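Novice: For the protein sequence lines, the chains are P and U, in the order given. Residue numbers 206 to 438, in my numbering, belong to the letters of the first sequence in order. Residue numbers 206 to 438, in my numbering, belong to the letters of the second sequence in order.
Protein chains: 2
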Amino acid sequence: MKPTSFQTWQSVQGEVLRRIHSREWAPGAAIPNEADLAQEFGCARSTVNRALQSLADSGLLERRRKAGTRVSAQPVTKATLEIAVIRHEVEAKGEKYGYRLIERSICRPPIATSGAMQLDPSKKLLFVSALHLANDAPYAFEERWINPAAVPAALDEAFESISANEWLLEHVPYTSGEIAFSAVAAPQETASILGCAQDCAVLAVDRLTRDAQVSVTKVRVLFRPNHQLRTNL
Amino acid sequence: MKPTSFQTWQSVQGEVLRRIHSREWAPGAAIPNEADLAQEFGCARSTVNRALQSLADSGLLERRRKAGTRVSAQPVTKATLEIAVIRHEVEAKGEKYGYRLIERSICRPPIATSGAMQLDPSKKLLFVSALHLANDAPYAFEERWINPAAVPAALDEAFESISANEWLLEHVPYTSGEIAFSAVAAPQETASILGCAQDCAVLAVDRLTRDAQVSVTKVRVLFRPNHQLRTNL
DNA sequence: CAGTGGTCTAGACCACAGG
DNA sequence: CTGTGGTCTAGACCACTGG
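1) Under DSSP, the beta strand (DSSP E) around L411 of chain U begins and ends at which residues?
2) Give me, in chain order, the residues of the same chain whose beta-carbon lies closer than 6 Å to that of R412 of chain P; leave out the 5 immediate sequence neighbours on both sides.
3) List, in chain order, every chain U residue whose beta-carbon is nearer than 9 Å to that of E287 of chain P.
4) If I measure Cβ to Cβ from V281 of chain P and keep anything under 6 Å in the same chain, skipping five residues before and after, which residues do I get?
5) Just how far apart, CA to CA, sit N238 of chain P and Q418 of chain P?
6) Do three or more CB pairs link the region 296-312 of chain U to the region 334-342 of chain U at distances below 8 Å?
7) Taking the DSSP output, what are the residues bridged to I311 of chain P?
8) Can you check whether the C-beta of P392 of chain U is within less than 8 Å of a C-beta belonging to chain P?
9) How would you label A243 of chain U, buried or exposed, when you count the other beta carbons within 10 angstroms and need 16 or more for buried?
10) Got a sec: is the Cβ-Cβ distance from R435 of chain U to anything in chain P below 8 Å?
11) Which same chain residues, not among the five before or five after R305 of chain U, have their C-beta less than 6 Å away from its C-beta?
12) Say whether chain U places a C-beta atom closer than 8 Å to the C-beta of Y379 of chain P.
13) Here's the rule: buried if 16 or more other CB atoms are within 10 angstroms of the residue's CB, otherwise exposed. What is L360 of chain U?
14) Only counting runs of 3 or more residues, tell me where the beta strand (DSSP E) segments fall wholly within the region 342-429 of chain P, in order along the chain.
15) Roughly how many angstroms lie between the CA atoms of Q403 of chain U and T395 of chain U, to the nearest whole one?
16) Can you find a CB in chain U that lies within less than 8 Å of the CB of N431 of chain P?
17) Could you tell me whether the Cβ of I170 of chain U comes closer than 8 Å to any Cβ of chain P?
18) Helix, strand or coil: which one does DSSP assign to G303 of chain U?
19) Along the beta strand (DSSP E) that carries R270 of chain P, what are the first and last residues, could you check?
20) Return helix, strand or coil for H432 of chain U, following the three-state DSSP convention.
21) At 8 Å on the CB atoms, spell out the chain U contacts of E245 of chain P, in chain order.
22) Using Cβ-Cβ distances below 9 Å, what residues of the region 356-385 of chain U are close to chain P?
23) Identify, in the order they occur along the chain, each residue of the same chain with its Cβ nearer than 7 Å to the Cβ of Q212 of chain U, setting aside the five sequence neighbours on each side.
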């Protein structure tokens, strides 16, 4: 039999990675087509396809019909952050989770909010703010606007023992939306809730959630100082 | 022919999503196995497999051999951030990119740095700090430690006209590593470089890069105030 | 137009883990 | 032990797009 044979898509991927790392296939250069590789590797074309497709997803390869496959010259790193329910996040760290409702009201949102949610500014929304605790210390502060038109049942929920976070996940799961990460100076009120100095730098996660085009909720979560979001590349 | 037939994995996925959204398949509940679905949908099992696997990757389904497939009760949202070379990031916004080297030296790193890089603290490393500009205004400040043992060629590069960012990508591409996002108060020196107030809240991206187990570089990038990292969900 | 990747199929074997 | 997903194969058709 010819040199080596690769029978699993993972092993094919490994071999492709080796050639890229060793610069046998240089950055920006084209690599053989699937059929040729399949023959060389002694496997079916679909196996090669699986391996290459996976590498293309991670940004290492660029593939185009007819043009073929080439090694990305300047691969765009893709960092995947897992955003879990905060309770799970805390428990995963081995800390005790706690929850405290701070405010619940029905009122007209700031224009910036109604604008971002693409809703009529005169319509009232449900506002909920709450504090998440880890080992009884402040962990994250969340301010949330909920669109009652999208989730009428929310008006009947007090959010005193369950976070809006989890409640929404249970009642309107599998939504789409946008998320943004930034750094902000903690406003005075927030700072006192989080137990840090005013204008302390904290990580902010802003999230807008839609269910079939209509905005369901918009939330800003401010984490305790020094909080990090980490992942592997 | 039976009701509808689904011939592409995307259409199968669409139908599965519909059933999940409509709660026909409730959160936490098991769904039929691949063979049954294939028969119902009038397609091959591998087509169903492709569709379900993709949904499992995105966290909507949980699959285990023998146990079958079930709808995730509390799906973990996965936000994928694309971390491009800063020059590209700036240019993609339609702004003019600029680069200014601030410091380049060879010295012993702080213990925290050598520790994180798992290197001998007494060994000297190459330190490079630089400012990235957008439309001539500060965009991001980067402080970087480079391990010459891993990239000897770096010692011959001045980094005066090319950022270490891009230089490294060209010379040791396709590395692995870790990345972390946090909020920090800009130290006095950094603040003056970025042109913001001292202790201003800025987004920090810390990145450790390895090439086959050995640390290549560790970098902290501080973005201008109000910078956001965004993505869709 | 023609080469390349994208996908589908029918069938098969296997690894894993639930019971 | 056995059901389920994970994967491989050989072959086929097709969509896209570069030349």
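Note that beta-carbon positions come from the ideal geometry of N, C-alpha and C, so glycine has one too. Small disclaimer: the values here were computed from a predicted structure and weren't measured.
Specialist: The answer reads as follows:
1) Going by the sequence as given, residue 411 of chain U is Asp instead of Leu. Where D411 of chain U is concerned, the enclosing beta strand (DSSP E) stretches over 406-416.
2) Answer for R412 of chain P: I384, V424, listed in chain order.
3) Annotation: Cβ neighbours of E287 of chain P in chain U (cutoff 9 Å, chain order): G264, V281, T282, K283, A284.
4) Excluding sequence positions up to five before and after V281 of chain P, its CB lies within less than 6 Å of the CB of G264, all in the same chain and listed in chain order.
5) Rounded to whole angstroms, N238 of chain P to Q418 of chain P spans 41 Å at the Cα level.
6) With a cut-off of 8 Å on Cβ pairs, the region 296-312 of chain U is in contact with the region 334-342 of chain U, counting three or more such pairs.
7) Bridge pairing for I311 of chain P: P:L331 [DSSP].
8) Closer than 8 Å: no.
9) Buried is the label assigned to A243 of chain U, since at least 16 other Cβ atoms lie within 10 Å of its Cβ.
10) Contacts with chain P at 8 Å (Cβ-Cβ) include R435 of chain U.
11) Excluding five sequence positions before and after R305 of chain U, the CB atoms of its chain that fall closer than 6 Å to its own CB belong to L336, given in chain order.
12) It does; some Cβ of chain U falls within 8 Å.
13) L360 of chain U is classed as exposed because its beta carbon has fewer than 16 other beta carbons within 10 Å across all chains shown.
14) Considered as a whole, the region 342-429 of chain P harbours 342-351, 381-390, 406-416, 419-428 as its complete beta strand (DSSP E) runs of no fewer than 3 residues, in chain order.
15) Q403 of chain U and T395 of chain U have their C-alpha atoms some 8 Å from each other.
16) Taking Cβ atoms only, chain U reaches closer than 8 Å to N431 of chain P, which makes this a yes.
17) This structure does not reach residue 170 of chain U, given that chain U is present from 206 up to 438, and the question cannot be answered.
18) The answer is strand: DSSP assigns G303 of chain U an E or B state.
19) No beta strand (DSSP E) contains R270 of chain P, which DSSP labels as neither H nor E.
20) H432 of chain U: coil per DSSP, three-state reduction.
21) Chain U residues near E245 of chain P: none, gap ~21 Å exceeds 8 Å.
22) Only those residues of the region 356-385 of chain U whose C-beta falls short of 9 Å from the nearest C-beta of chain P are listed: E371, L374, E375, P378, Y379, T380, S381, G382, E383, I384, A385.
23) Around Q212 of chain U, the same chain offers C248 as residues with beta carbons nearer than 7 Å, after the five sequence neighbours per side are excluded.
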